[in-house]
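In mature numbering (1 follows the signal peptide of the UniProt record, and there is no 0), the protein residues as written are -28 to -1, 1 to 174.
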């Protein structure tokens, strides 16, 4: 119990200090994929590392799985949707988002593929996992300084066991997506064009 309380308090401290380390988007500009097109609600995207060597995926058991990393060829598509419904189909920087893995087998089984954050004592901290509820698990995409169409993912606490406080940058911790103080630029690749991807970190 003491360890759990310590981890939660550590996360809160990190949340309040992280925003001074990572830049925020000044304007709500459209998020752009690696081909120069606007990222849109409902479309399927691979979240890839800017270095083009690995992508966000899940474990072999997709349902109820932590968000992990694998080679780009094994990336699992995600779908972005705004927390607040809008007639605008474009995903904008610094807006609150739901993130779902596109896994039909899980949906058919009634299992949520929506991202959330959860305490993992075995991992000594919080990690991004699935099983989230719409509106209670907010994520943001902000511009990453230092390249074209590079972005930073963040988690924005709103519900227990954390709080409603500053957004927390996410990065690669061992092989999982988790809160991190190390900048982690990502790109968005339309899943139907992933095999054609040829880009370099600018």
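The beta-carbon is built from N, C-alpha and C at its ideal position, and this holds for glycine as well. Keep in mind the model is a prediction, meaning the values are calculated, not measured.
Cα-Cα separation between residue i and residue j, rounded to whole angstroms
{"i": "residue 181", "j": "residue 143", "result": "Given that the chain is displayed from residue -28 to residue 174, the structure contains no residue 181 and the question cannot be resolved."}
{"i": "residue 82", "j": "residue 115", "result": "34 Å"}
{"i": "residue 34", "j": "residue 139", "result": "26 Å"}
{"i": "residue 145", "j": "residue 55", "result": "26 Å"}
{"i": "residue -23", "j": "residue 167", "result": "Here the model assigns residue -23 a pLDDT of 46, short of 50, so the residue's position is not dependable and the matter cannot be decided."}
{"i": "residue 88", "j": "residue 17", "result": "18 Å"}
{"i": "residue -8", "j": "residue 152", "result": "Here residue -8 scores only 45 on pLDDT, less than 50, and its place in the model should not be relied on; the value that follows carries that caveat. Distance between the alpha carbons of residue -8 and residue 152 is about 11 Å."}
Distance CB(residue i)-CB(residue j) smaller than 8 Å
{"i": "residue 73", "j": "residue 63", "result": "no"}
{"i": "residue 150", "j": "residue 100", "result": "yes"}
{"i": "residue 111", "j": "residue 69", "result": "yes"}
Which of helix, strand or coil DSSP assigns to residue i
{"i": "residue 128", "result": "strand"}
{"i": "residue -21", "result": "With a pLDDT of 47 at residue -21, under the threshold of 50, the modelled position of that residue is not reliable, and the figure given next carries that caveat. Residue -21 falls in the helix class under three-state DSSP."}
{"i": "residue 93", "result": "helix"}
{"i": "residue 72", "result": "strand"}
{"i": "residue 77", "result": "helix"}
{"i": "residue 165", "result": "helix"}
{"i": "residue 46", "result": "helix"}
Rounded distance between the beta-carbons of residue j and residue i, thought under 8 Å
{"i": "residue 38", "j": "residue 148", "result": "6 Å"}
{"i": "residue 102", "j": "residue 84", "result": "6 Å"}
{"i": "residue 44", "j": "residue 30", "result": "Not quite, the Cβ-Cβ distance comes to about 15 Å (not below 8 Å), so this is no contact."}
{"i": "residue 66", "j": "residue -1", "result": "6 Å"}
{"i": "residue 19", "j": "residue 11", "result": "Their Cβ separation, rounded to whole angstroms, is 11 Å, which puts residue 19 and residue 11 out of contact at 8 Å."}
Practice problem: Please confirm if the region 114 to 127 is in contact with the region 153 to 166, defined as three or more CB-CB distances below 8 Å between the two stretches. | Solution: yes
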